[in-house]
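First the structure, in the form of structure tokens, and then the observations on it.
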Amino acid sequence: MEDIRRSKTVTLPRLNRLSPSLESTALKIMEESGELAQAIGKFRGLSGEQQRVEEAEAMQMVAQELVDVAQTAVTMMFVLEEQYGINLDKILEEHVNKLRKKGYCD
Numbered sequence: 014m015e016d017i018r019r020s021k022t023v024t025l026p027r028l029n030r031l032s033p034s035l036e037s038t039a040l041k042i043m044e045e046s047g048e049l050a051q052a053i054g055k056f057r058g059l060s061g062e063q064q065r066v067e068e069a070e071a072m073q074m075v076a077q078e079l080v081d082v083a084q085t086a087v088t089m090m091f092v093l094e095e096q097y098g099i100n101l102d103k104i105l106e107e108h109v110n111k112l113r114k115k116g117y118c119d
């Protein structure tokens, strides 16, 4: 029987040894996104290097960089909640409802 995943739940920790600001976290998201793009580029041979990375190794790098992006996004969520009083649970609920209305998910 085929395994169809309808959602992905990611639980990432609050990083206790950092004092991130909105600005520093936004910059970190951009840095990590660049590293993700670089990993994808290596697989596609877009890095300008003669040697291309094998697909399995490249996808491992892509997955690792994607988790770095996700961790940084979660860190920004903590910043928004703790420093600006944003209710992220409500925002996430609204986001999923928007996706459902657009027909992107059930």
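Every letter in the sequence shown is one number past the one before it in the working numbering, and letter 45, counting from 1, is 58. The beta carbon of each residue, even a glycine, is placed where N, CA and C say it ideally should be. Everything numeric in this text was worked out from a predicted model, so none of it was measured.
Nearest-angstrom Cα separation, counted from residue j out to residue i
i	j	result
D81	A69	19 Å
G98	T22	24 Å
D119	R113	6 Å
L40	G116	32 Å
F91	L35	10 Å
N29	T88	10 Å
R19	G58	32 Å
V66	H108	36 Å
T38	E62	30 Å
Q51	E44	11 Å
Rounded distance between the beta-carbons of residue j and residue i, thought under 8 Å
i	j	result
T85	I42	5 Å
E78	L49	4 Å
A83	L31	In fact, because the Cβ distance is near 16 Å, the residues do not count as touching under 8 Å.
L105	L93	In fact, because the Cβ distance is near 12 Å, the residues do not count as touching under 8 Å.
Assigned secondary structure, residue i (DSSP; H/G/I helix, E/B strand, else coil)
i	result
R57	helix
S32	coil
S20	coil
D102	helix
Y97	helix
Short Cβ contact (8 Å threshold) for residue i with residue j
i	j	result
K55	A71	yes
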